[in-house]
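Asker: Sequential numbering of the sequence shown, starting at 1444, is according to my numbering. Got a structure here, written out as structure tokens. Questions coming.
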Amino acid sequence: MGAVHIRGVSKSYPIYANPSDRLKELLSFNRRSFHRDFWALRDVSLEIEKGTTFGLVGENGSGKSTLLQLIAGILTPTTGTVEVEGRVSALLELGSGFNGEFTGRENVFLNGAILGLSNKEIERLFPAIEGFAEIGEFIHQPVKTYSSGMMVRLAFAVAINVEPDILLVDEALAVGDIYFRQRCMRKIHELHRCGVTIIFVSHSPADIKSLAQKTAWLDRGELAEYGEPDRVIAKYMAAMVNKDSRYRKESARQATGDGRTAPAPVVAPEVVEKIPNIDHRYGNRDAEILGIAVLNENGEELALLPQKAGIIVRLSLRAHAEVSMPIVGILIRNHLGVELAGSNTALEETDLPALNPGDVYTIDFHFQLSELYPAHLSFTPAISNGTLENYQVCDWIDNAVTLQAEKGRKVYGYIHIPCRIHVNSVTKDRVQVGGSLP
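This is the structure in structure tokens:
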């Protein structure tokens, strides 16, 4: 059963070169146009099911906020239709819906009235709103005296406590402190369990993956991708990486110019040239993964992952452009897609030389495996350029190799952490400290 039906929606705004053009157009007898149309949304269609937590991602100016305002009924579409089933509570721009001259309490009653609640209903809900906001005596002060953090506390407290069927959140939690943000996240999970439909905008991939069941990516007003969060976020991040790479290349070209003589390429003595699987691949390809293999300590390729043994994950790469600060890494996931472990050359403080076009390197990662739950583990290799804090992906291959772990003894969870048990026993006759069981 759907909660929000968006069918062929487009939204345009008139853009005037000069303020006087608006008056000229208004007074024009032959209906001459003095503006150009800016299309914030173009032919967007989405069906959002009741009880779904739905995430929206995209660059600034991609139409995310416009779409939320259309769902909230603040705007009307230029073409298409938006149908909403149920009471909508919206947390959009910071302070929207608040009168700065009114106190926090008065604004709570104002917002409740706008949503169709009676004074009696708002009186009933007010203690919960006041308690969640935690702004103390400021609830009786004019909102214009609030900090941005206090404003979002009160706005969120109102939005979640007016018993909405649909909750809209537009990146408002970005200004909250860590404590309040954690409380908000718990409340969003609670609302989801109660069947509330939640539609939120976020620039945080982690928030989208942890909260959303479905995700849509808007790109310059158009629906670029829709579906499972992991897949949509992967494609969105890949597009952002490629965009940043083009910008960096152009900046470097303008700063240094062309025409430098390239040194002779480096070639590794042994090169892996097989990639068993590619679930998803992205990056700017300044450097490319040529192959990956999982070996035992004798250099023999493995068909099964051993328990409590050393393995070597070997990958080869080729540079197609200059990579000044290369980082090469491996990510290990289990059969559920959970990221169990991983490492890279920067974390292990292994400095790699700058890569020049044509260079071929082979790098071995030596892992000591723990006792593993007998399921499949996958290995995802990646190459990036930069630092751990600021980098661009050159090549990333999701789940390039997958191997089954051998069966061992019973493992609770995903891995067995080595454990030593020490028993302190007390008897009637004596106190035995640090002893063993009889």
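Using N, Cα and C, we set each Cβ at its ideal position, and we do this for glycine too. Keep in mind it's a predicted model, so treat the numbers as computed, not measured.
Based on Cα-Cα distance, which residue from 1708, 1631, 1725 and 1634 lies nearest to residue 1674?
Answerer: Here the closest residue by C-alpha is 1725.
Asker: Work out the CA separation of residue 1449 and residue 1749 for me, nearest whole Å.
Answerer: Spanning the two alpha carbons is a distance of roughly 52 angstroms.
Asker: For the pair the segment 1746-1763 and the segment 1715-1731, tell me if three or more CB-CB distances fall below 8 angstroms.
Answerer: Yes: the two stretches touch, three or more of their Cβ pairs being nearer than 8 angstroms.
Asker: What residue range does the alpha helix (DSSP H) around residue 1511 cover?
Answerer: It spans 1507-1515 - the alpha helix (DSSP H) in which residue 1511 sits, taken as one unbroken run.
Asker: Could you give the uninterrupted runs of the beta strand (DSSP E) lying entirely in the segment 1573-1602, keeping only those of 3 residues or more?
Answerer: With a minimum length of 3 residues, no continuous beta strand (DSSP E) run stays inside the segment 1573-1602.
Asker: Within a Cβ cutoff of 7 angstroms, which residues of the same chain sit near residue 1784, ignoring the five residues on either side of it in sequence?
Answerer: Closer than 7 angstroms at Cβ, skipping near neighbours: 1775.
Asker: Can you give the beta carbon distance from residue 1822 to residue 1735, rounded, assuming they're within the 8 angstroms contact cut?
Answerer: At roughly 7 angstroms, the Cβ-Cβ gap stays under 8 angstroms, so residue 1822 and residue 1735 are in contact.
Asker: Residues in the same chain with beta-carbon distance under 6 angstroms from residue 1751, minus the five sequence neighbours each way, listed in chain order, please.
Answerer: Counting only Cβ-Cβ distances below 6 angstroms, and skipping sequence neighbours, we find 1814.
Asker: Give the range of the alpha helix (DSSP H) segment to which residue 1469 is assigned.
Answerer: It spans 1462-1470 - the alpha helix (DSSP H) in which residue 1469 sits, taken as one unbroken run.
Asker: Compute the Euclidean distance between the alpha carbons of residue 1572 and residue 1524, then round it to the nearest angstrom.
Answerer: Looking at the two C-alpha atoms, the distance is approximately 33 angstroms.
Asker: To the nearest angstrom, how far is it from the Cα of residue 1581 to the Cα of residue 1575?
Answerer: Distance between the alpha carbons of residue 1581 and residue 1575 is about 13 angstroms.
Asker: Name the DSSP beta bridge partners of residue 1459, please?
Answerer: For residue 1459, which the question treats as bridged, DSSP gives the partners 1478.
Asker: Keeping to the same chain, check which residues put their C-beta closer than 6 angstroms to that of residue 1562; ignore five residues upstream and five downstream.
Answerer: Around residue 1562: no qualifying Cβ.
Asker: For residue 1759 versus residue 1709, is the C-beta spacing smaller than 9 angstroms?
Answerer: Not in contact: residue 1759 and residue 1709 (Cβ atoms no closer than 9 angstroms).
Asker: Inspect the beta-carbon positions of residue 1454 and residue 1613 and report whether they are closer than 9 angstroms.
Answerer: Contact: no.
Asker: Here's the rule I'm using: 16 or more other beta-carbon atoms within 10 Å means buried, otherwise exposed. How should residue 1917 be labelled?
Answerer: One cannot answer for residue 1917 here, as it falls past the ends of the chain, which runs 1444 to 1881.
Asker: Would you give the residue range spanned by the alpha helix (DSSP H) that residue 1635 belongs to?
Answerer: Element bounds for residue 1635: 1621-1636.
Asker: Given a threshold of 16 other Cβ atoms within 10 Å of its Cβ, counted over all protein chains shown, does residue 1811 qualify as buried or as exposed?
Answerer: When all chains shown are included, residue 1811 counts as exposed.
Asker: Give the DSSP bridge partners of residue 1657, in chain order.
Answerer: Answer is 1497, bridged to residue 1657.
Asker: Hey, would you say residue 1661 sits closer than 9 angstroms to residue 1484, going by beta carbons?
Answerer: Cβ distance < 9 angstroms, so residue 1661 and residue 1484 count as in contact.
Asker: Could you check how far apart the C-beta atoms of residue 1741 and residue 1843 are, in whole angstroms? I think they sit under 8 angstroms.
Answerer: Actually they are not in contact, since the Cβ atoms of residue 1741 and residue 1843 sit about 22 angstroms apart, beyond 8 angstroms.
Asker: Along the chain, where does the alpha helix (DSSP H) containing residue 1553 start, and where does it finish?
Answerer: Segment 1547-1557, the alpha helix (DSSP H) holding residue 1553.
Asker: Can you tell me which of the three DSSP states residue 1673 falls into?
Answerer: In this structure, residue 1673 counts as helix in the three-state DSSP scheme.
Asker: Can you give me the Cβ contacts of residue 1860 inside the same chain, cut-off strictly under 8 angstroms, excluding the 5 residues immediately before and after it?
Answerer: Taken in chain order, the residues that qualify are 1813.
Asker: Measuring CB to CB, does residue 1464 end up less than 9 angstroms from residue 1477?
Answerer: Yes, the pair counts as a contact, with Cβ atoms nearer than the cut-off.
Asker: Between the beta-carbon of residue 1755 and the beta-carbon of residue 1824, is there less than 9 angstroms?
Answerer: Contact flag unset, no.
Asker: Name the two residues that bound the continuous beta strand (DSSP E) containing residue 1787.
Answerer: It spans 1782-1787 - the beta strand (DSSP E) in which residue 1787 sits, taken as one unbroken run.
Asker: Let me check understanding here. Comparing Cα to Cα, which of 1592, 1532, 1497 and 1526 lies closest to residue 1452?
Answerer: Selected option, being the one with the closest Cα: 1526.
Asker: Can you tell me which residues form a DSSP beta bridge with residue 1541?
Answerer: Looking at the DSSP assignment, residue 1541 forms no beta bridge with any residue, so it has no partner.
Asker: Evaluate the contact criterion for the segment 1594-1602 versus the segment 1631-1639: three or more CB pairs, one atom per stretch, below 8 angstroms.
Answerer: The segment 1594-1602, when compared against the segment 1631-1639, does not touch it at the 8 angstroms Cβ threshold.
Asker: Between residue 1521 and the rest of its own chain, which residues show a CB-CB distance below 7 angstroms, the 5 nearest in sequence each way excluded?
Answerer: If we look at residue 1521 and ignore the five residues flanking it on each side, its Cβ neighbours are 1453, 1454 and 1455.
Asker: If we ignore side chains and look at the alpha-carbon of each, how far apart do residue 1866 and residue 1855 end up?
Answerer: Cα-Cα distance, rounded: 21 angstroms.
Asker: In the structure shown, what three-state DSSP assignment does residue 1662 receive?
Answerer: The answer is strand: DSSP assigns residue 1662 an E or B state.
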